[in-house]
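Asks:
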Amino acid sequence: MGILRRKLGVVIVAVVATLSAALAPVLVAPSASAAASVVSPLAKGSYNLSSYYGPRCMPTANASTWHLGQDMGAKSGTRINAIAAGTVLRAGSVSGFGQWVVIKHRTVSSVYGHVLDGDKYVKVGQKVKAGQRIADVGSTGTSTSPHLHLEIWNGTYGSGGAHTDSLAFLKARGVDLAASATWRASRSVPSSCTYYAQTRVNLRAGASTSTKVLTVVPKAGKVTAKPGASSGSWRKVTYGSRTGWMHAAYVSPRKPATTTTAAPAKRTLSYVTATRLNMRAKPSTSSAVLTTLKKGKAVEHRGTASKGWLKVKVGSNIGYVSTAYISSTKPR
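The numbers in the sequence shown follow full-length UniProt numbering, run straight up by one, and end at 332.
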């Protein structure tokens, strides 16, 4: 009986050893490379963090006042990587971003805006891997400088998905964009924004051209607004004591140059003192007579006196008169 127990024990140990060897790949922790299913869109140390997700002041005309993504400033042409594996939904030109790439992942979508050429590396329907090059940093569309605008949407982009904070989303998955940036802008929301009308523009009662005009704001007129105060492409602003709506295309944080009309040059006049004075074509008594001026007639100087003659204008005539017969004082 003892011999039987020992043989049975040996068999059990052998079976356990065999099962352990077979299940080892399943039971052990995944490798570091397998765990890196989410990566940074830009290489460490190649970018800075500028405009953050949330309400803000417009950085340029037509920009948003509620920023849906994270801006990462970088040199034009810097490589952009897919943050995770997925399928390309959009690639190429688009209004606002200029050029973009959109990727659908398992549960979220990622948007890469202002790129140089959205369909240079990828095409719609193409499957991509995490870390695969999908575009290059650019400054296309409504942009002030080269940067990547990164958005994260829960669900499928364009099909009811909801946007979320890219910075927080990636950090929760082990990708700390702030820690890998060379510089980070302060993440604070100003209490007020200052803009200027880029041309003479109507301030309306509502966010539509069909609403009442409250007043007309002149070019370079200063308006103020609250960060995020918008409705589509309209911005809620205050001009003087009136609050209304202006289209985003006509307001900017940059004050436009205004042209000023130069004051007309002061005319210098003299008066004829002789009973009759000939106005000649050239400064010579042998020159043709253009007209004859009566005493007291005003002549407008068109030059300086030289050798007894002065170039003048009278009506539509321009010619010369003798300085001996004119005075700065009108004769009685």
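Glycine included, each C-beta is placed from N, C-alpha and C at the ideal position.
Would you call residue 41 buried or exposed, if buried means 16 or more other Cβ atoms sit within 10 Å of its Cβ?
Replies: Looking at its Cβ environment, which holds 16 or more other Cβ atoms inside 10 Å, residue 41 is buried.
Asks: Which residues in the same chain have their Cβ closer than 6 Å to the Cβ of residue 229, if we skip the five residues on either side of it in sequence?
Replies: Excluding sequence neighbours, residue 229 sits near 236.
Asks: In its own chain, which residues sit with a C-beta less than 7 Å from the C-beta of residue 247, not counting the 5 before and 5 after it?
Replies: Within the same chain, residue 247 has close Cβ partners 233, 234.
Asks: Which residue or residues does DSSP assign as beta-bridge partners of residue 310?
Replies: DSSP lists 321 as partners of residue 310.
Asks: Taking DSSP as the reference, what is the three-state secondary structure of residue 250?
Replies: The answer is helix: DSSP assigns residue 250 an H, G or I state.
Asks: With DSSP as the reference, label residue 116 as helix, strand or coil.
Replies: Correct three-state label for residue 116: coil.
Asks: In the DSSP assignment, the beta strand (DSSP E) including residue 265 goes from what residue to what residue?
Replies: Segment: none, residue 265 is in no beta strand (DSSP E) and carries neither H nor E.
Asks: Would you identify the three-state DSSP class for residue 171, choosing helix, strand or coil?
Replies: Three-state result, residue 171: helix.
Asks: Using the three-state DSSP reduction, which class does residue 230 fall into: helix, strand or coil?
Replies: Note: residue 230 maps to strand in three-state DSSP.
Asks: How is residue 208 classed by DSSP in three states: helix, strand or coil?
Replies: The answer is coil: DSSP assigns residue 208 none of H, G, I, E or B.
Asks: Going by the DSSP bridge assignment, what does residue 67 pair with across the sheet?
Replies: Partner(s): 54.
Asks: Does the stretch 145-163 come close enough to the stretch 71-85 that 3 or more CB-CB pairs lie under 8 Å?
Replies: The stretch 71-85 is in contact with the stretch 145-163.
Asks: Suppose the cutoff is 6 Å on Cβ atoms and the five residues either side in sequence are ignored; what does the same chain contact list for residue 141 look like?
Replies: Correct list, in chain order: 96, 97, 98, 114.
Asks: Using 8 Å as the threshold, is the C-beta distance between residue 61 and residue 249 below it?
Replies: Yes, the Cβ-Cβ distance between residue 61 and residue 249 is below 8 Å.
Asks: Where do the ends of the beta strand (DSSP E) carrying residue 149 lie?
Replies: Counting along the chain, the beta strand (DSSP E) containing residue 149 begins and ends at 147-154.
Asks: Which of helix, strand or coil does DSSP assign to residue 270?
Replies: It is a strand residue.
Asks: On the premise that residue 203 lies in contact with residue 242, defined as a C-beta separation below 8 Å, what is that separation, rounded to the nearest angstrom?
Replies: Correct: roughly 6 Å between the Cβ atoms.
Asks: State the DSSP-derived secondary structure class of residue 328, mapped to helix, strand or coil.
Replies: Residue state, collapsed to three classes: coil.
Asks: State the start and end residues of the unbroken beta strand (DSSP E) segment that holds residue 278.
Replies: Note, residue 278: beta strand (DSSP E), 276-280.
Asks: Quick test of your reading: residue 139 and residue 152, contact by CB under 8 Å. State the CB separation rounded to the nearest angstrom.
Replies: Their Cβ separation, rounded to whole angstroms, is 22 Å, which puts residue 139 and residue 152 out of contact at 8 Å.
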